[in-house]
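Q: Have a look at this one before I ask anything.
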Amino acid sequence: MIKKDLERWLQENKIEGKIEHPSISKFGDYAVRTGKPVENLSENDIVEKTEFMAGFINIWLKKEILKKETEEIGTEVWKNNLEINGRGKTMVIDYSAPNIAKPFGIGHLRSTDIGQAIYNIYQILGWKCIGDNHLGDWGTQFGKLIVAIKKWGVKPVETMSIDDLETLYVKFHQESETDKDLEDEARKWFAKLENKDVEATDIWQKCIDISIKEFDRVYELLGVKIDYVLGESFYLDKMDSVIELMENKGILKHSEGAKIIEFENMPPAMTTKSNGTTTYFLRDMATVKYRMETWNPDLIIYEIGADQELHCRQIFETSKMLGWKPQFYNVAHGMIRWADGKFSTRKGHTIHLSEVIDKAMEEAKKIAPDNDEKKIKAVAIGAIKFNDLSQDPKKDIIFDWEKVMSMEGNSGPYLQYTYARCQSILNKSKKNSEINVDEKLESEEENLLREFYKFEEKIIEAADRFSPAVIAEYLIGLARKYNEFYAKFRVIGEETEKRRLFLTERTAKILKLGLTLLGIETMEKM
RNA sequence: GCGCCUAUAGCUCAAUGGAUAGAGUAAUAGUCUUCGGAACUAUUGAUGAGGGUUCGAUUCCCCCUGGGCGCACCA
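So the number in the numbering used here is just where the residue sits in the first sequence, counting from 1, plus 7.
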């Protein structure tokens, strides 16, 4: 990796400071702020020249090394270099986690596609990755659902769709505003469920079956496969031992009939309610314990919305109190909301993912009516995912129909299109791709050559920052540079065909690798 | 009330202490007898307010204002 070599060289010359890519390319490939010039720099394989300006040492890399690094991208050597970063380390990532009996909303999409991208990024960096879909399949919400089904269900549960279930759930909330007894009834039914009541369990199981079927359809559509689906109910028989551990550590307090854990700088977390039923906090603690015992991870990542930031901090802090060793991180992605601020999910006014996909597919069809269904779908999903992935995860997303379906400019389809464009040239040309760095390059060509090697750095940065957006931004920049080049020069039939093929081929390679990391499909033609 | 996040161009986003704050979109004017126009070129346009730290602040600290989320029997 060039950056590592450069760091070594700087050390040899006793130059300290953060190396960075200058804001403008005319200041070189890298720069270090030293404040004063440094004399007698040692000879080196990678540095072509340096120049002191405005407090910076600007550094230009040798084209020979740029060529070598570029050629390596995607090869075994390259993969091996990346893998060194995380070799021997294990991470578990908790993502997607839709709730049973509720359609897959765009909120869960965010968790799903960011989580999957982080998984892919850590994996290419050599980590052993375990994806765990922690389904919301337990809790008082089922008490509510059972009450609603028994009171207002007009057909047998097993024949209901997931939308029917959602409608009933929403109705429960509306009715319970006036009828206060409903909440109590729901809690009683949940207690029955926890005590393995036959009727409650039967209804619960049927709701699970309906939901899983729907989720599988969505994951298939999104091209997402999560290693494990261990919902909350999986931990039912694993909670007692956690309670015992907490008792032994003396961190469990009794308060108003409930069992809680208190923290110094946070509100308390409840493990057991006054009626004896368990909470999702306790199930989450059992989950951490199970993950440790099963996979012994170094790092556990939660890809969960910012609305559960406190809950996550309580889990992390409690784990620390129990002396558990993994590092924890919560992506705490921002909420999706309208431009005017409101996004009322409680009132049943959610946006379902299927609706977004349908609309995006219509849009993709308008642009290219001749494309088959498969390509239309890949473009539509590419647009939707990219919209999510290209923004800093922790910021809220303003939901905008036009932007979600955008297929121009900074968009997934722009990248897919650029890739297809490259492939089209590569398929037409009969020549080998090859670059001779002694030839004088056009500035658009040189811009490309000086962009390729950064890919590796961006993957590492994305992992450090838990932000796939770092890669998304880079790919947009690369595609833009390629299209600038493309608009100005021809490839096929020119004297310079070989080297232009090289630039085209390398651009395509990175776009494909990068999009794959983001979980976005590429196609040869579109 | 307390805690966490957040404020950059008309709109949606970049810039994680550095050089001239970058893109997309919208608007306007162009490029092309297209190796694929889902493209390219050009013009217009921005750091919420006030302090502080620093050689240097969109970035760090304080305060004010606006927005989002959370704060025990939902998950």
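Think of the CB as a built atom: it goes at the ideal place given N, C-alpha and C, for glycine as much as any other residue. All figures in this text were calculated on a predicted structure; none of them were measured in a lab.
(1) Hey, which unbroken runs of the beta strand (DSSP E) at 3 residues or more fall wholly within the region 79 to 132?
(2) Is the beta carbon of residue 485 closer than 9 Å to that of residue 455?
(3) Within 10 Å of its beta-carbon, does residue 423 have 16 or more other beta-carbons around it, so buried, or fewer, so exposed?
(4) Specify the secondary structure class of residue 16 as computed by DSSP and reduced to three states.
(5) When we look at the beta-carbon of residue 479 and count the other beta-carbons within 10 Å, is it buried (16 or more) or exposed?
(6) Just the Cα atoms here: how many angstroms apart are residue 353 and residue 297?
(7) Would you give the residue range spanned by the alpha helix (DSSP H) that residue 170 belongs to?
(8) Between residue 110 and the rest of its own chain, which residues show a CB-CB distance below 8 Å, the 5 nearest in sequence each way excluded?
(9) Give me whichever residues DSSP pairs with residue 47 in a beta bridge.
(10) Tell me whether residue 94 is buried or exposed, calling it buried when 16 or more other Cβ atoms sit within 10 Å of its Cβ.
(11) Under a three-way DSSP split, which group does residue 26 fall into?
(12) Can the beta-carbon of residue 37 be found less than 9 Å from the beta-carbon of residue 27?
(13) For the region 363 to 383 and the region 75 to 90, state whether three or more C-beta atom pairs, one from each stretch, are separated by less than 8 Å.
(14) Does DSSP classify residue 134 as helix, strand or coil?
(15) Please report how far the alpha carbon of residue 334 lies from the alpha carbon of residue 96, in whole angstroms.
(16) Pick helix, strand or coil for residue 59, following the three-state DSSP scheme.
(17) Which whole-angstrom value describes the C-beta separation of residue 267 and residue 253, a residue pair presumed to lie in contact below a C-beta threshold of 8 Å?
(18) Note down, one range per segment and in chain order, each alpha helix (DSSP H) of at least 4 residues found wholly within the region 452 to 529.
(19) Would you give the residue range spanned by the alpha helix (DSSP H) that residue 265 belongs to?
(20) Leaving out five residues before and five after residue 1 in sequence, what residues of the same chain have Cβ atoms less than 8 Å from its Cβ?
(21) My output table needs one value for residue 154: the three-state DSSP class, helix, strand or coil.
(22) Leaving aside the five residues before and after residue 410 along the sequence, list all residues of the same chain whose C-beta is less than 8 Å from its C-beta, in chain order.
(23) Assuming residue 225 and residue 293 make a contact with CB atoms under 8 Å, what is their CB distance in whole Å?
(24) Would you kindly report the start and end of the unbroken alpha helix (DSSP H) that includes residue 321?
(25) So, is residue 115 buried or exposed, given that buried needs 16 or more other C-beta atoms within 10 angstroms?
(26) Looking only at C-alpha atoms, which of 391, 229, 420 and 400 sits nearest to residue 407?
(27) I need the straight-line Cα distance from residue 372 to residue 228, nearest angstrom please.
(28) Since residue 528 contacts residue 416 with CB under 8 Å, what's their CB separation in whole angstroms?
(29) Quick check: what's the CA-CA separation for residue 498 versus residue 472?
(30) Near residue 215, which residues of its chain fall below 7 Å by C-beta distance, leaving aside the five closest residues on each side in sequence?
(31) For the 8 Å Cβ check, are there 3 or more pairs between the region 148 to 158 and the region 188 to 198?
(32) From residue 430 to residue 323, what distance separates their C-alpha atoms?
(33) Does the beta-carbon of residue 159 have 16 or more other beta-carbons within 10 angstroms, so that it is buried, or is it exposed?
(34) Residue 6: which of 530, 511, 533 and 532 sits nearest, CA to CA?
(35) Beta-carbon separation of residue 69 and residue 55 under 9 Å?
(36) Please report how far the alpha carbon of residue 164 lies from the alpha carbon of residue 330, in whole angstroms.
A: According to the data block:
(1) 97 to 101
(2) yes
(3) Label assigned to residue 423: buried.
(4) Residue 16 falls in the helix class under three-state DSSP.
(5) buried
(6) Here residue 353 scores only 46 on pLDDT, less than 50, and its place in the model is too uncertain to base an answer on.
(7) The continuous alpha helix (DSSP H) containing residue 170 extends over residues 169 to 185.
(8) 169, 170, 173, 221, 357, 359, 360 and 361
(9) According to DSSP, which records beta bridges pairwise, residue 47 is partnered with nothing at all.
(10) exposed
(11) strand
(12) yes
(13) no
(14) coil
(15) 12 Å
(16) strand
(17) Not a contact, Cβ separation roughly 10 Å.
(18) The qualifying runs are 461 to 472, 476 to 495 and 504 to 525.
(19) Taken as a continuous stretch (DSSP letters only), residue 265 belongs to no alpha helix (DSSP H), being part of the beta strand (DSSP E) at 265 to 268.
(20) Given a span of 8 to 533 for the chain in the structure shown, any question on residue 1 remains unanswerable.
(21) helix
(22) 394.
(23) Incorrect: roughly 27 Å between the Cβ atoms, too far for contact.
(24) 316 to 328
(25) Answer is buried; the Cβ neighbour count reaches 16.
(26) 391
(27) 17 Å
(28) Going by Cβ atoms, the distance from residue 528 to residue 416 rounds to 20 Å, so no, they are not a contact pair.
(29) 38 Å
(30) 107 and 144
(31) yes
(32) 47 Å
(33) exposed
(34) Outside the modelled stretch of the chain, which goes from 8 to 533, sits residue 6, for which no answer is possible.
(35) In this structure, residue 55 lies closer than 9 Å to residue 69 by Cβ.
(36) Approximately 45 Å, taken between the alpha carbons.
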